[in-house]
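Numbering (our numbering), first residue to last: 1 to 30.
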Amino acid sequence: MQFGDGVATASLANAHAAITKATLDFVNAH
């Protein structure tokens, strides 16, 4: 794995976590 690939993977993981949290927050609010 190259360093750039690691950065991209981390960014995707962070984005996925943020989307998941936002979805859970939305569901909990309704």
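The C-beta atom is built at its ideal place from N, Cα and C for all residues, glycine as well.
Alpha carbon of residue i to alpha carbon of residue j, nearest angstrom
i, j, result
"LYS21", "ASN14", "11 angstroms"
"HIS30", "LEU12", "27 angstroms"
"THR9", "VAL27", "27 angstroms"
"GLY6", "ILE19", "20 angstroms"
"ASP25", "GLY4", "32 angstroms"
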